[in-house]
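Notes to accompany the following structure.
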Amino acid sequence: MRGATVWHVKVSDSANRHLLTVVTPIYHSLHEIPPNSRYNRIRNESAPVEFQLVEDEVENIDNLINYGQEHYDWNSEEVPEYIDNLLKITWKLHARVFRAQENLNNIMDEMYTWAMMPVIYRKDARDENLLSVADKDDKFAERFAEIEATAEELEHVLKENYKLFFDLLPDHVYNKEELELLDAHTEEEEEVETEKAEEGNNAEAAKPDEEITEEAEVPEEQEQVEEEEEVDEETLAMRREKWQPYLLYVDNLISKGLIQAVSTSICYILDETDPEGEICPSFEIQMCLENPSIVFRPPVELDDPEGFYAFFESLLLEMMKMGTLIPRVDPELHEGRENYALDVAEEEGIVFMLEETCNRAKLALIEVKGHVYIYEIYSWLWTDDKQEYLSYFLRFSQYVSPKQREMIEQHPEFIPDNLKEKKPDLADFKREIDYFMSLYNQCDQLQNEQIFCRWLKLDIKPFKQTLLNIICKWANVLKEYLVNRITTQLENLAEFLKAAMENFSRPIHEDDYDALLETIYYLKEVRDRQYEIEDMFDPIKKTIELLQGYNVYLDEKIFNWLVELPVNWETLKKMAAQVKHIVQPLMTRQIDLLKKRLSYYNFKQHRFLNEFHEQDVFNPDCENHYEKLNEIHEEVLKFLSEEKDLRDQIVIFEQELPEFKMTKQIQKEMQFLKTLWDYVNVITTSLNEWKKTTWKKLDVEWMDQECKKILRELRQLDKDVRLWELYTNIEAQVRNMMASLRAVSELQNPAIRDRHWRELMAETKVVFIMTDNTTLEDLLKLQLHKYEEEVKNIVAKSVKEMAMEKVLKELKDTWSTLEFGKEIHERTKLNILKIDEETIEILEDNQVQLQNLLGSKFVGYFLGEILDWQKKLSTADAVINAWFEVQRAWGYLESIFIGSEDIRSQLPEETKRFEKIDREFKELLKEMLSNLNIIKATNRPKLLEKLEELQVQLNFCEKALADYLETKRLIYPRFYFISAADLLDILSNGNNPELVCRHLSKLYDSIAKLHWKMDGGKATKQARVMIAKDGEEMAIHGTCDCSGKVEVWLNNVTDAMKRSVRHHISQAVATYDEKPREQWIFDHRAQPALCGTQIWWTTEVNMAFMRLEEGFENAFKDYQRKQINQLNALIVLLCGDLSESDRRKIMTICTIDVHARDVVAKMIAMKADHYSSFQWQSQLRHRWDDKVGDCFADICDASFKYDYEYLGNVPRLVITPLTDRCYITLTQSLHLIMGGAPAGPAGTGKTETTKDLGRALGQMVYVFNCSEQMDYKVNS
């Protein structure tokens, strides 16, 4: 360990004396160093980043120690100076390092004094109080000020520590204790010389202490003076490099401190919002009632910027803001982070607490919001209209809900059954008022506050107080109504009594008509209101008693009226009786005068009505019609005023009231006339505006809709109005406009051409010139509405012609771009023509289009062009059909007559004919390729005739070729089942058996190719092995010569195949019982093994029948057990490692064995006891006849010789009862020399069953679809 340095000292005898004088002071100096030496403290108690800063200085101390160990001993004179220097360096380094540590510790202590305290806490630090959020701004400002002060102090500490670690401060800035240690070595030297000098040196040692103490008290400005030497850039760069890790170390400490500060405040909020903790509410929300809804203060909506959640988030954000107030110690260490905000935001604990507190706030707010629904039952109190309620109560004597009111307003004639119109009495008023009073008491019992999630208090008192006030207002509505009602009744009665008494007190003169009318009025009122007035005082008194029961204040005058008015009423009745006796003669005279005035008024009405109908305002040409209507209206008002006076007099004198019909009729007709003139002005203005529009810009559809709308409105006028000349005139204008617009609409059709305008002029016999500036007014002058039908016909013709023109243009555009395609002929490498199916479809469609056009009655203008196109397309159609027929035949025969020497030699005349055809076809092809446009290429002169001639010549060649191929098919019939192209390929390569082998799979069921005998390393034409499609090989028994004509040696292959299969089957049958079957299977190919298995199954079943006849009752059961054992043995083989060929062979045998086992089991179940049983005879049974050496397949009474077609190693169909029935049916039809036709839905196995029967009989089965190419030869 470097800190535990050991000095080894060698001392000679001669140097003892000198040693004592030197070592003694050194020894004392060394013993003054504490056990925990400053050197070791630097090493052990410094942080790694701090030690890294002074590592070079520590290394210098180590080097100095090593140097002393190597160069000095106790006899060296330099030892005292050496030790003094060593101690001085060590002590100063210790002082710098631990002063820097102390600076950093102080700043961290200061930080953690506020970091461990939450910013927001409960008011007065009492648990039952809410959080003190009212002064949160002050508290946050205080905390932010503390953090900013810490930031300033941190900046000062970093500057000082930088100077301490790099030794940039003068010695006088260190404290007294450190300086004493630095100068202690001087005192020790003086003690060694003399005892006397020791005291003096001690006295002098005190002096520097005093000086140092004074120096320590030097003003702060002088302490900041640096004695740093001027250094180069390299030294500064080295210091920065060393300083960076220390800055990172301090940066991490500050980051942790700020994280702690934020965590403390948020954690406090988290603890105070714990929904499961035993805590008092910490936050409060007030619930208030502000019409028309309940609101919260602050709002509880999460997205409300003024809401509680936003306030809650702002608290948390303010706490997070503490991370932004201290700048980064060194921003270069963290790019893009100027402060510690991101450090705080990325702290997992803080993120968790923020999410948890926010989730708690959301949950609590949701519960608060849901609490509102409790008070929904009272919502009608603040949403319903009190005056509207009162009006319906006065009508129905009960509360009518808003829904019922809406229904009554919409359908006044339909009133709900539970509502009946009734004027409310005092009992009804009392019932309603009592209801509101009980509701008041009920709401008064509501809670004043509610706690949610244990920490959020909802203050309900504001809502409750407002609700109670509203209930009082509802009750006051009824109370105020009653007060106003009795006050109004009494006040009106007092005024009436007073006015009547004053009138009755005045004398009446005979000529004072107005005074007489007024007196008669009051006499009538006294008479009519007698019972009403006499019955009103008792209800008023009861109403007052009711209101006094509810402590309602009543004015003193009400009580005075109740005392005075009954007396006044009695007095008034007596006066009325006296006055009535006085005015009776005067009334009789005035009634006679009134009748004369009525007669004269009727005469004036008749005269005015007749004059009204003769007014100019009924004439369409009337000018200033509104002024005249106003004049007439003034006269009507005069009549109405006079009529009103007469009505009043008639009522007063109680005479019969006439109807005044004429005045009403005049008013009605005036209204109609005014409305009609309004329509006339609107229509005339609109038509004039439309007429100024150029005809091409006319929106005819919109204008027509407007005209129809105007007509509908005109028809809604009174029937009498329709007889007026003014009405008929304006209606005619609108209808003419509509007709003209229809004609203009037709003429706006883009199909109209100049020739159509000329036709229109000829029809209408009107000459006009159409330009872009022609307006609707110009067209209306032509009176086109009279020629509407002619316009329609011409436009219809133009539309049809435009459609034809469009079709012809499309034809031209289409066929100008359509071309023949090109493809390479495989053998000659010539470019030959091809055409898409889409092009053929286009050609056919266009021919149909042209035919349709010719059938139109409007074809005249385009007849020539249509006939020309019809001719072109017809020619193109014929040439295309002929060309591709010729090209197909040429391509088919070219490789035969040009490329096959065998055919050329066999058919020399046809070859010469085809060579001529080939030359002519290539010349035509060259011409066609020069211009591939279909129309131009196919409409060349005499092209169709040339193609037809080539077709005739090619037919001769094809017939000769077909006759030649027929001779080959007769020799080798299997040629009937391959295409002519394959047959020609076989014939052309007949001398090369290896090339013919690629067609063997089409001629045989499974033979894919042959292996040849080798002679001197070359293949001969002697086949020795047949190779199946699945890869199985079977050796050919005997010789198989494949030389000579192909149809001959293919017959040799067929004979060799059957001979070989027969030989291998005979060998398999003969060796079956020589070894276990599971071994015997591997000795033979798949077909012999399967056929041998079937032969021996038949034999063994017959033997079981024989044993059964001999008396062995369990013969079949014994055989069944043998079958099961054989199957199990095969299953064991399948579970082992087998080649693909062997596995397929064994699985096929298993398939047949399973059926054989099922047949035996069925015969056991049906107790078959003889081989002639139908259950046995109906099975396909294979047997080997030793006499003839052949295999036969028997089923019922049919017997078939096995055909020995090589089948290879192919799987067999699973035999089901349905398969057995198919076998019986098909074999019986073959036995009777008839055909079989399995029928059924697709995919049910008809074809596969037939093919499997063929494999069971060893026959080749050909599968093909019926088509036109099949003839009687193929079918035979």
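Per UniProt numbering, the sequence shown starts with residue 1, numbered consecutively. Each residue gets a CB set at the ideal place from its N, CA and C atoms; glycine is no exception.
### Top-ranked residue by Cα proximity to E927, from L954, W883, Q548, A962
Working through the sequence shown from its first residue, we reach residue 927 at position 927. With distances taken between Cα atoms, E927 lies closest to W883.
### Query
Between the C-alpha atoms of N1209 and R1255, what's the straight-line distance to the nearest angstrom?
Mapped onto the sequence shown, residue 1209 falls at position 1209. Mapped onto the sequence shown, residue 1255 falls at position 1255. Spanning the two alpha carbons is a distance of roughly 11 angstroms.
### Task
Report buried or exposed for P34, applying the criterion of at least 16 other Cβ atoms within 10 angstroms of its Cβ.
Counting from one through the sequence shown, the residue named residue 34 turns up at place 34. Note that P34 has pLDDT 48, beneath the 50 cutoff, so the model's placement of it is unreliable and the number below is only indicative. So P34 counts as exposed.
#### Entry: Contacts around D384, its chain only, beta-carbon distance under 7 angstroms, and the 5 residues preceding and following it disregarded
For the purposes of this step, residue 384 is identified with residue 384 of the sequence shown, where counting begins at 1. Excluding positions up to five away in sequence, the list reads P402.
### Message
Restricting to runs no shorter than 4 residues, where is the alpha helix (DSSP H) found entirely within the stretch 938-978?
### Response
943-971
### Task
State yes or no: is the C-beta of V1025 within less than 9 angstroms of the C-beta of M1034?
Within the sequence shown, the letter at position 1025 stands for residue 1025. Within the sequence shown, the letter at position 1034 stands for residue 1034. For V1025 and M1034, yes; Cβs fall inside 9 angstroms.
### Message
Helix, strand or coil for L131? Go by DSSP, reduced to three states.
### Response
The residue labelled residue 131 in the question sits at position 131 within the sequence shown. Here L131 sits in strand by DSSP.
### Query
Which first and last residues belong to the alpha helix (DSSP H) in which H1231 is found?
On the sequence shown, residue 1231 is found 1231 positions in, with the first residue counted as 1. Note, H1231: alpha helix (DSSP H), 1217-1231.
### Task
Tell me, please, which residues DSSP counts as bridged to L456.
In the sequence shown, residue 456 corresponds to position 456, counting from 1. Bridge partners of L456: F283, F452.
### Burial state of E102, where buried means 16 or more other Cβ atoms lie within 10 Å
Reading the sequence shown from its first residue, position 102 is the one you call residue 102. When all chains shown are included, E102 counts as exposed.
### Query
Roughly how many angstroms lie between the CA atoms of F612 and D720, to the nearest whole one?
Taking the sequence shown and counting its residues from 1, the one referred to as residue 612 is at position 612. Taking the sequence shown and counting its residues from 1, the one referred to as residue 720 is at position 720. Distance between the alpha carbons of F612 and D720: 15 angstroms.
### Message
I need the straight-line Cα distance from L830 to F975, nearest angstrom please.
### Response
Counted from its first residue, the sequence shown places residue 830 at position 830. Counted from its first residue, the sequence shown places residue 975 at position 975. Roughly 31 angstroms separates the two Cα atoms.
### Query
Expressed to the nearest angstrom, what Euclidean distance is found between the alpha-carbon atoms of M108 and E355?
Reading the sequence shown from its first residue, position 108 is the one you call residue 108. Reading the sequence shown from its first residue, position 355 is the one you call residue 355. Whole-angstrom Cα-Cα distance: 29 angstroms.
### Query
Which value, in whole angstroms, describes the spacing of the CA atoms of Y440 and K461?
Residue numbering aside, residue 440 sits at position 440 when the sequence shown is read from its first letter. Residue numbering aside, residue 461 sits at position 461 when the sequence shown is read from its first letter. Computed Cα separation, rounded: 15 angstroms.
### Task
Below 7 angstroms CB to CB, which residues in the same chain sit around T543 once its five sequence neighbours on both sides are set aside?
Within the sequence shown, numbered from 1, the residue matching residue 543 stands at position 543. Closer than 7 angstroms at Cβ, skipping near neighbours: L426, L482, I486.
### Task
Could you pull the start and end residues of the alpha helix (DSSP H) that A1028 belongs to?
Here residue 1028 is taken as the residue at index 1028 of the sequence shown, counted from 1. From DSSP, A1028 is part of no alpha helix (DSSP H) but of the beta strand (DSSP E) over 1018-1028.
### Among D137, L154, R735, the one whose alpha carbon lies nearest that of E318
If you number the sequence shown from 1, residue 318 lands on position 318. Closest option to E318, Cα to Cα, is D137.
### Assigned exposure category for V1214 - 16 Cβ within 10 Å defines buried
Along the sequence shown, read from residue 1 onward, the residue named residue 1214 stands at position 1214. Exposed, since its Cβ has fewer than 16 Cβ neighbours within 10 Å.
### Message
Check for me: the alpha helix (DSSP H) holding M437 runs from which residue to which?
### Response
To locate residue 437, count along the sequence shown from 1; it is residue 437. First-last of the alpha helix (DSSP H) with M437: 426-444.
### Which residues DSSP lists as bridging C622, in chain order
For the purposes of this step, residue 622 is taken as the residue at position 622 of the sequence shown. Paired residue(s): none; C622 is not in a bridge.
### Whole-number beta carbon distance between I880 and T938, since they are thought to touch under 8 angstroms
In the sequence shown, the residue the question calls residue 938 occupies position 938. In the sequence shown, the residue the question calls residue 880 occupies position 880. Correct: roughly 6 angstroms between the Cβ atoms.
### Message
Is there a Cβ of chain D sitting closer than 9 angstroms to that of I1007, yes or no?
### Response
As a matter of chain content, chain D is missing from the structure shown, which is built from one protein chain.
### Query
Since D868 and L843 are thought to touch, with beta carbons under 8 angstroms apart, how far apart are those beta carbons, to the nearest angstrom?
Position 868 of the sequence shown, counted from the first residue, corresponds to residue 868. Position 843 of the sequence shown, counted from the first residue, corresponds to residue 843. 16 angstroms between Cβ atoms; not a contact.
### Identified DSSP bridge partners for M1014
Here residue 1014 refers to the residue found at position 1014 when the sequence shown is read from its first residue. A1019.
### Message
I need the DSSP call for I254, collapsed to helix, strand or coil.
### Response
Counting from 1 along the sequence shown, the entry for residue 254 is found at position 254. Helix at I254.
### Query
So, are the CB atoms of L458 and E284 less than 9 angstroms apart?
Locating residue 458 in the sequence shown gives position 458, where the first residue counts as 1. Locating residue 284 in the sequence shown gives position 284, where the first residue counts as 1. Closer than 9 angstroms, so yes.
### Task
Could you say if the stretch 1088-1098 and the stretch 1058-1073 meet the contact criterion of at least three C-beta pairs nearer than 8 angstroms?
yes
### Message
On the criterion of 16 or more Cβ atoms from any shown chain inside 10 Å, does H1182 qualify as buried, or is it exposed?
### Response
In the sequence shown, counting from the first residue as 1, residue 1182 sits at position 1182. H1182 should be labelled buried.
### Message
Rounded to whole angstroms, what is the Cα-Cα separation between T684 and R722?
### Response
Looking up residue 684 in the sequence shown gives position 684. Looking up residue 722 in the sequence shown gives position 722. Distance between the alpha carbons of T684 and R722 is about 18 angstroms.
### Query
On the three-state DSSP scale, how would you describe V295?
For this step, residue 295 is matched to residue 295 along the sequence shown. Strand.
### Query
Closest by CA to E627, which one among V636, V617, D621?
Taking the first residue of the sequence shown as position 1, residue 627 is located at position 627. Measuring from the Cα of E627, the nearest candidate turns out to be V617.
### Task
Determine the burial state of D343: buried for a count of at least 16 other Cβ atoms within 10 Å of its Cβ, exposed for fewer.
Stepping through the sequence shown from its first residue, residue 343 is reached at position 343. The residue in question, D343, is buried, as its Cβ has 16 or more Cβ neighbours within 10 Å.
### Task
Counting only runs of 3+ residues fully inside the stretch 1027-1085, write out the beta strand (DSSP E) ranges in chain order.
1033-1035
#### Entry: Burial state of A115 (16 or more Cβ within 10 Å)
Looking up residue 115 in the sequence shown gives position 115. Answer is buried; the Cβ neighbour count reaches 16.
#### Entry: Anticipated Cβ contact below 8 angstroms, H999 with I978, distance rounded
Here residue 999 corresponds to residue number 999 of the sequence shown, with the count starting at 1. Here residue 978 corresponds to residue number 978 of the sequence shown, with the count starting at 1. About 7 angstroms separates the two Cβ atoms, so the contact holds.
### Query
DSSP on K1187, reduced to helix/strand/coil?
Against the sequence shown, residue 1187 aligns to sequence position 1187. The answer is coil: DSSP assigns K1187 none of H, G, I, E or B.
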